[in-house]
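Student:
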Amino acid sequence: MKGARVRDLEEVYRLHYPQFLKVATAIGGNEDAGHEAVQEGFADVLRHRRSFRGEGPLEAWVWRVVVNAAHRARSKQIQLAPFPE
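To convert, take the position in the sequence shown, counting from 1, and add 392; that gives our numbering.
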């Protein structure tokens, strides 16, 4: 399958949101950051769904995108942290 169908992505989201949130929260440091990272990750998934090549499971591809979004969000938090005097 080349590309991912929106309904398949919705199912992955619905079935695995709690696990995505748990991992994104662990990466981001708090639940608010976790929620935001999962939302950003799924926005990326939807935006880039045509790039899914179907070489592996759809769920694994979604996991990678969500985890990458959580790491990006964490990097931004670190960059925005005030420098101690």
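Positions of the beta carbon are idealized from the N, C-alpha and C atoms, including for glycine.
Quantities reported herein were computed from a predicted structural model and do not represent experimental measurements.
Would the beta-carbon of A396 fall within 8 Å of that of F444?
Tutor: Yes, these two residues count as a Cβ contact at 8 Å.
Student: When burial is assigned at 16 or more other CB atoms within 10 Å of the CB, is L407 buried or exposed?
Tutor: Exposed is the call here.
Student: Are the CB atoms of A465 and E428 nearer to each other than 8 Å?
Tutor: Cβ atoms of A465 and E428: closer than 8 Å.
Student: I think A416 touches V457, with their Cβ atoms under 8 Å apart; what is that distance to the nearest whole Å?
Tutor: A416 to V457, Cβ: 11 Å. No contact.
Student: Tell me the residue span of the alpha helix (DSSP H) that contains G426.
Tutor: Looking at the DSSP string, the run of the alpha helix (DSSP H) that includes G426 is 423-439.
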